[in-house]
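Basically the numbering used here = 1-based index in the sequence shown + 1083.
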Amino acid sequence: MLDGTSQSTGYVSGACALVWSYYPALPKEVIKGLLMKTVDPVLTTPRRCLSGGRVNLHNAMTLIPSGDPGKVLNSKDDPTNPDNLYTTIQAAIDAADDGDELIAEADRLFIEAIDFKGKAITLRSGDINEPTNPAISPDNTFIVGILNDGSAVTFASNEGPDTILKGFTVSWGNADYGGGIRCDGTSPTITDCIITNNFAKFYGAGIDCSNSSPTIKNCTITNNQTAGSTAIGGGINCENSSPVIENCLISYNFADNVGGGIACYNSNPTIFNCVIANNSAVYKSGGIDLDSSSPEITNCTIIVDDLNASKDGGIFAYHDSSPVITNCILWGNGDDLYNCSATYSCIEDDDEGKGNIHIEPTFVTGPLGNYYLSQTAAGQLSDSTCVDIGDPATNPDLLVNTYTTRTDGITDTDVADMGAHYPALPAKSVQLNITVMGDGRVEPDSGPFRQYEVVQIKAYPSDGHRIKAWTGTEDDSSTEPDKIITMIVDTDITVEFEEIPLYQLRTEVVGSNGTITPHHRRGEYYPEGTV
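Written as structure tokens, this is what we have:
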């Protein structure tokens, strides 16, 4: 597991031993990955070692989730009878019939690997005391495959779209194929899940699709890693498959070979409305790698904007791959497109194509992410060039007009905007309160604003006064009169004015016949900083 001659080898070996003593079922590759994932970065010498940082044992020991074990209810059973509660998800699956809905107790930890065994059932997180309540809790309901060497979730018995996994964080699976989720000859529905911190020796650390066409919707697939010289598809791997990947965030995944975000071999997935950000791969194709594959990639944002992330390429195509790429934003990837083309897309490189532009897209942060488009109608100070400039013939069945690129949630009803869209949430109202101390005024002096609206504030000192200090702005060190505030939460700002001190100036010519200007033998008072 360890090699080299570093003087720190002894410390790293000790850290490995301690983590292994806590989690003896973890394979050596996972121990290594855990320690590398949790280092303190050494930014001045990032290439000095493979991890780019120093071991942080506390981070490593606390990264794996902890919590109370949960119970599982079949929704057709009486929740008040404790005999109807299963202690594991797998036991509930084994006892279920087609059409059943299983509810795993929300905000609980399920340390097990599960197999749906071909059953057309729904497994979701939720309130086992109120089985009719549809609310799910993906952020805090964990399926953790740490006790076994294999996928955390398996679909390998001809499951179809009526087999549904909904509302979980799936983590710490480790397998040859599909560390988090393995789909083999199946087409399940995976929705509203977080797939993170999974490992695979060969393909698909997050999700592996082999001869499968699952629907993967509204999922976050992040921080998964394939390890080894043949390791492909850090986030998702597709082989002889045609999955639908829709409304997903695929970020910070790593492949030791190709396809950091998504890898496709002889596959034709539909990739719609996804953010594919800051993924990396040793042999390029950090975003999407295509081998003999022709996916449809529509309204996706494929980007590297983390200064610590490597620019390993956006979409790379090989061996007769012919992707159809439309309405996308590709920026910061190094080589945005290799051996393929796009139309109606914003591309940092000079890749030609009908409707393409090459102007910085101007992203802003909004309620659901960092890749909304700046728009004056939503309260920003400028309009992104990606607004209303997508393909006029965008397929209406994609329902782009039900989503938004605006921080205030107004849907995209005109010509489609380029890039990924977000669910249209109504804009929240936040309050700006400004307190004025001293002689002066501020515009605006208060008021409600839409969340994420950018407000320009200007202070006007009275005659003979100046700004002494701002408090509560994004830069209180400056006493300039103009401030720009992004209204994320209720904000209190104070501006203090003070009288400009006056100093007496006396001037007189002595010992010659020369002159001086101004000439004040008896003195004249001037404001500080003048004359």
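From the three backbone atoms N, C-alpha and C, an ideal C-beta is built for every residue, glycine too.
Computed from a predicted structure; not experimentally measured.
- Taking the CA atoms as reference points, cysteine 1302 sits about 9 angstroms from lysine 1249.
- The count of Cβ pairs closer than 8 angstroms, one atom from the stretch 1543 to 1550 and one from the stretch 1561 to 1569, reaches three, so the stretches are in contact.
- CA-to-CA, the gap between asparagine 1340 and methionine 1119 works out to about 17 angstroms.
- Taking C-beta atoms under 8 angstroms as the contact rule, asparagine 1362 and serine 1324 fail to qualify, at a distance of about 19 angstroms.
- In this structure, proline 1271 lies near threonine 1246, with their beta-carbon atoms less than 8 angstroms apart.
- Here aspartate 1259 carries a strand assignment [DSSP, helix/strand/coil].
- Assignment of beta-bridge partners to glutamine 1308 by DSSP yields Phe1282 and Phe1337.
- Its Cα nearest to that of cysteine 1347, the residue Ile1380 stands out among Ile1380, Ala1360 and Cys1331.
- For phenylalanine 1238, the CB contacts under 6 angstroms within the same chain, skipping 5 residues up- and downstream, are Phe1199, Cys1266, Thr1269 and Pro1271 in chain order.
- Cβ contact annotation for aspartate 1500 (same chain, cutoff 7 angstroms, sequence separation greater than five): Leu1456, Cys1469, Val1470, Asp1471, Gly1473 and Thr1488, in chain order.
- Per DSSP, reduced to three states, the secondary structure at methionine 1119 is helical.
- Put simply, the stretch 1395 to 1404 touches the stretch 1363 to 1371. At least three CB pairs are less than 8 angstroms apart.
- In terms of Cα proximity to aspartate 1259, the closest of Ala1283, Tyr1421 and Asp1275 is Ala1283.
- The Cβ atoms of asparagine 1382 and cysteine 1423 do not sit closer than 8 angstroms to each other.
- In the three-state scheme derived from DSSP, where H, G and I count as helix and E and B as strand, isoleucine 1398 is classed as strand.
- Burial check for tyrosine 1586: the Cβ neighbour count within 10 Å stays below 16, so the residue is exposed.
- Linking phenylalanine 1285 to isoleucine 1273 through their CA atoms gives a straight-line distance of about 22 angstroms.
- Threonine 1448 is positioned such that its CB atom lies no closer than 8 angstroms to that of tyrosine 1505.
- Residue pairing by DSSP places leucine 1185 opposite Asn1157 and Leu1206 in a beta bridge.
- Comparing alpha-carbon positions, the option among Ile1328, Ser1240 and Ala1510 lying closest to cysteine 1276 turns out to be Ile1328.
- Collapsing the DSSP output to three states places proline 1165 in a helix.
- Here asparagine 1351 has Ser1325, Ser1376, Ser1377 and Pro1378 as same chain residues with Cβ atoms under 7 angstroms from its own Cβ, once five neighbours each way along the sequence are excluded.
- If you check the CB distance, glycine 1317 and glutamine 1308 come in under 8 angstroms.
- The C-beta distance from phenylalanine 1446 to asparagine 1439 rounds to 18 angstroms, too long to meet the 8 angstroms contact threshold.
- Per DSSP, the continuous alpha helix (DSSP H) segment holding glutamine 1173 begins and ends at 1172 to 1178.
- Contact between alanine 1189 and asparagine 1223 is confirmed by a C-beta separation of about 7 angstroms, below the 8 angstroms threshold.
- Rounded to whole angstroms, the Cβ separation of alanine 1510 and aspartate 1491 is 4 angstroms, and the two are in contact under 8 angstroms.
- The residue from Thr1426, Gly1417 and Pro1444 with its alpha-carbon nearest to that of aspartate 1432 is Gly1417.
- Around the beta carbon of asparagine 1306, 16 or more other beta carbons sit within 10 angstroms, so the residue counts as buried.
- Burial check for leucine 1390: the Cβ neighbour count within 10 Å stays below 16, so the residue is exposed.
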